[in-house]
Amino acid sequence: MHTYDPIEHSIQAVTPTLCKLLGVSSPTLCKASPLENICQQAQEIFHGDHAQKCLIFAPDALGNHLSHTTPLFFETVRHLAPMVVSLRSVVPPKTPVCFASMFTGAPPAYHGIRKYEKPVLSCDTLFDALLRADKRVAIVAVKDCSVDRIFRGRNLDYFSEPYDPDVTLRALSLLKENHHDVIVAYHQEYDDTLHATTPFAPEAIQAARKHLEEFVKLSEAVDRYWQSYHRIISFTPDHGAHISPTTGKGDHGEDIPEDMELMHFYGIRRRG
Ligand SMILES: [Zn+2]
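First residue of the sequence shown? That's 2 in this note's numbering, and the numbers climb one at a time after it.
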């Protein structure tokens, strides 16, 4: 008999988890606990050491709704990043609200983004915590998207790109240059397409599959260029999506399973 497994963590857990894996103190705003299962496995893989490098891939709207219609939808990702955790988004599950929570470890009431708006966050974030620990950070995102806007003003490298393929190319070149310790790469074509069609329209599914293919490229580059470092690759989308009964098109922003339920994936690899 199937027993319902309640989802214990929210996407706020991303920040304390990455901080613990990298051996960095969490930002002061952080309210969430690290994902102990992930941290324990990293301890074993790194023999008690910390990760030295981390690539965070953040594809917009790739929620668990996709595996409801296609059960093995994320199998490519799982193959490369086999540590999987079920997480809930935050309310309302809209992009800037979600990424603010994901990269502060705090609920919307604490960081202040509670609706679709893109102010620069003045509170303490994952990126501030990384910079205090002398980590070199790059955020690569589509120009003027939430991830491109809300973490501005820090002493890190921002790369605003025309669209997803440019984000991938930039992230690949940064991996090759090997100047940064933590790189965020954000993609948005699936979200753009589901709003124009539905979350399961062929065009939308094709866009979602592109995100998976780009993740494969990035994962291969992480192994090639960061081979001599303890490293992490994470696949951390922000929210899911549903079909709006009013418009008949894709949408998100409601406290319903289709919008809220996510799977995040971590690949933890030992140097050498
Ligand atoms: Zn989003």
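Virtual Cβ for every residue (Gly too), placed ideally from N, Cα, C. Values in this document were obtained by computation on a predicted structure and should not be read as measured data.
Distance, residue j Cα to residue i Cα
i           : j           : result
residue 13  : residue 33  : 6 angstroms
residue 2   : residue 8   : Its pLDDT being 43, under 50, residue 2 is placed unreliably by the model, and the measurement read from it follows with that caveat. Their Cα atoms are separated by approximately 19 angstroms.
residue 163 : residue 149 : 11 angstroms
residue 94  : residue 228 : 36 angstroms
residue 136 : residue 66  : 35 angstroms
residue 64  : residue 242 : 7 angstroms
residue 190 : residue 209 : 7 angstroms
residue 232 : residue 19  : 11 angstroms
residue 37  : residue 258 : 24 angstroms
residue 102 : residue 35  : 14 angstroms
residue 260 : residue 121 : 25 angstroms
residue 88  : residue 144 : 27 angstroms
residue 86  : residue 266 : 7 angstroms
residue 176 : residue 226 : 6 angstroms
residue 221 : residue 83  : 15 angstroms
residue 251 : residue 50  : 44 angstroms
residue 270 : residue 42  : 10 angstroms
residue 109 : residue 124 : 12 angstroms
Reference residue i, options the options, closest by Cα
i           : options            : result
residue 70  : 203, 226, 271, 142 : 203
residue 31  : 215, 129, 140      : 129
residue 224 : 68, 41, 81, 62     : 81
residue 98  : 269, 237, 119, 201 : 119
residue 264 : 152, 235, 176      : 235
residue 100 : 11, 147, 40        : 147
residue 272 : 40, 47, 42         : 47
residue 134 : 152, 156, 151      : 156
Contact with chain D by residue i, beta-carbon distance below 7 angstroms
i           : result
residue 204 : The displayed structure is made up of one protein chain only, and chain D is not part of it.
Query raised in the report: Could you give the uninterrupted runs of the beta strand (DSSP E) lying entirely in the stretch 172-253, keeping only those of 3 residues or more?
Result: 183-188, 232-236
**Report entry** Three CB pairs or more closer than 8 angstroms across the stretch 186-201 and the stretch 39-55
**Finding:** no
Query raised in the report: At what residue ranges does the stretch 75-131 contain a whole run of the beta strand (DSSP E), taking only runs of 3 or more?
Result: 84-89
Report task. Please specify which runs of the alpha helix (DSSP H), each continuous and at least 4 residues long, are wholly inside the stretch 8-51, giving them in chain order. Result -> 15-23, 37-46
Query raised in the report: Between the stretch 242-249 and the stretch 22-29, do at least 3 Cβ pairs fall closer than 8 angstroms?
Result: no
Report task. Could you tell me whether the stretch 106-116 touches the stretch 85-93, where touching means 3 or more Cβ pairs closer than 8 angstroms? Result -> yes
Query raised in the report: Per the contact definition of three or more C-beta pairs closer than 8 angstroms, is the stretch 122-142 in contact with the stretch 171-191?
Result: yes
Query raised in the report: Do the stretch 175-183 and the stretch 211-218 meet, that is, are 3 or more Cβ pairs less than 8 angstroms apart?
Result: no
Query - Whole beta strand (DSSP E) elements within the stretch 127-167, 3-residue minimum - result: 138-143, 158-162
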